[in-house]
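In what follows, a single structure is set out as structure tokens and then discussed.
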Amino acid sequence: MQKPILLAFSLCLALLPALTAQKNTLRLILEKQGPALDTILNNVDRYQVQIIYTQIDRDANNFPTFRSYTYNLDTNLYYYPASAVKMPAAFLALEKLNQIKVEGLSKFSPMHTGAGRPPQTSVTVDTTAENDQPSIAQYIKKIFLVSDNDAFNRLYEFLGQEYLNKQLWNKGYKRTRIIHRLSVPGFDVESNRYTNPISFFDSLRNPIFQQGQVNSMAYPRLNLRKQLQGKGYIEGDSTMINQPFDFLNRNYVGLEELHDMLKAVMFPEAVRPEQRFDLTENDYKFLYRWMSAYPRESTHPSYPEHVEEDNYVKFLLFGDKKAPMTIPNNIRIFNKVGLAYGFLTDAAYIVDFEHGVEFMLAATIRVNNDEVFNDGKYEYDEIGLPFLGKVGQAIYVHELQRPKLVRPVLAKFKTEEGE
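Residue numbering for the sequence shown follows my numbering, starting at 16 and increasing by one per position.
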């Protein structure tokens, strides 16, 4: 009996290095980069770095399986997601339209937003649209092309604070708190609970659906560390407040939640039914088109100021590149970024059609050397964007070299240019 036991023990010992390497794949990739990443990796707590890398393998039927690796992931640590919250808002706006089930109502229907109480504002015209009309579709385009804040605010007002959060919680995305508009003055905790009255119209301007003003409930606070950060902040134009900046009533979406929401849209067939968003085949195609589009590829809306910046909202892989910058045609990045208060975040599904490469990557970093918020002194260009760019490059090179039993068929992610 001793020989089989000794043999099994010897096999276990032989497998230990392989298992250790497997468990630390992401760490090993990052640490191999040397000086390019060492400054950050040697100070992960200072920079509050968190990374999720997901390998994707396909079977003979092209069905995906996933293996995720994390680096310094802390689901109890607060970070400010900034514009990354726009991604679930876009997904849920399409879902809500589908669940309203009104004949003739679609993401392209003209959408007029009223003002129910101060400081709300109304919108009945959108000159960036081909027909000069606001719509869910137009707002979603703006969100993914240039991370437009007003576009998010209008989706937030359509969804309502309570619906938005409860829908995400019901899908299992529990570590989520989206409770305020972005970059618009006058709104406090209470007024952000109120959302505007909204009307949708058909092509002849006949009303087909109306939604009154909504007042949402107050939310319990998430049990997160470091919701008070820094040593001070600037209030108003120049007043220095010498106490930590309060994020207790700020938006939050866990990095793992962002990663999983994106996964649910890119691979709905491979996640549990309750995690999925209620989207049509056309919705998926629409999202794939605009999540991966560059400003130069859009006519309505048009962004001539960004035609030479394919990486304008593509931090991972290309965040360290300077304009003029064109991303190679064989690569597409389906993602959403966030940048504010010194925090940079990107959640992405990255594809190289030519080489059969696909992987998911989500990362966040905080760059605020003086520990003062609202002073406009954040090291985005010096530290944050180069770091995210190099992390993406390191994973991409690893994926180019990683052997796969089955080459993925990625045709569904090849979207036609157009409106």
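Don't be surprised by glycine CBs; every beta carbon is placed ideally from N, CA and C.
- A Cβ-Cβ distance of about 12 Å is found for the pair Phe282 and Val366, leaving them out of contact under the 8 Å criterion.
- Counting only residues of its own chain and dropping the five nearest sequence neighbours on each side, Arg291 has a CB closer than 6 Å to the CB of Ala279, Pro283.
- Pairing Gly353 with Pro96 gives a Cβ-Cβ distance under 8 Å.
- Here Thr85 is bridged, per DSSP, to Ile67.
- Listed in chain order, the non-local C-beta contacts of Ile342 below 8 Å within the same chain comprise Tyr309, Asp325, Asn326, Lys329, Phe333, Ile348, local neighbours out to five positions each way being set aside.
- Beta bridge pairing from DSSP links Arg73 with Pro79.
- Sorting Leu425, Thr139, Ser317 by C-alpha distance to the C-alpha of Ser124 places Thr139 at the top.
- Closest in alpha carbon position to Ala130, among Thr80, Asp53, Ser214, is Ser214.
- Between Leu109 and Leu270, the C-beta spacing is not below 8 Å.
- Leaving aside the five residues that flank Leu56 on each side, the residues in its chain whose CB is nearer than 8 Å to its CB run, in chain order, Leu45, Glu46, Val64.
- Across the structure, Asp163 and Pro423 are spaced so that their CA atoms are roughly 33 Å apart.
- Distance check between Pro133 and each of Phe202, Leu107, Asp261 places Phe202 closest, using alpha-carbon atoms only.
- For Leu92, the closest C-alpha among the options Ile346, Tyr62, Asn344 is that of Tyr62.
- Judged by their CB atoms, Thr379 and Val268 are not nearer to each other than the 8 Å cut-off.
- Taking C-beta atoms as the reference points, Leu277 and Phe368 fail to come closer than 8 Å.
- Within the DSSP bridge table, the entry for Phe282 names no partner.
- Under the three-state reduction of DSSP, Asn383 is assigned to coil, being neither helix nor strand.
- Cα atoms of Ser313 and Tyr94: separation of roughly 32 Å, rounded to the nearest angstrom.
- With the rule of 3 Cβ pairs closer than 8 Å, the stretch 66-86 does not count as touching the stretch 241-259.
- Contact check between the stretch 376-396 and the stretch 357-365: three or more CB pairs, one atom from each, fall below 8 Å, which counts as touching.
- Taking all protein chains shown into account, Asn384 has fewer than 16 neighbouring C-beta atoms within 10 Å of its C-beta and is therefore exposed.
- Here the C-alpha atom of Val161 lies approximately 28 Å from the C-alpha atom of Ala51.
- Here DSSP, grouped into helix, strand and coil, assigns Leu359 to strand.
- Shown here for Leu400: same chain residues with a beta carbon closer than 8 Å to its own, the five before and five after excluded, namely Phe330, Gly334, Asp335, Leu359 in chain order.
- If you draw a straight line from the Cα of Thr54 to the Cα of Gln48, it is about 11 Å long.
- For Met375, the secondary structure class from DSSP, reduced to helix, strand or coil, is strand.
- In the three-state scheme derived from DSSP, where H, G and I count as helix and E and B as strand, Lys181 is classed as helix.
- Assigned with DSSP and collapsed to three states, Pro133 falls in coil, not helix or strand.
- For Leu92, the three-state secondary structure derived from DSSP is strand.
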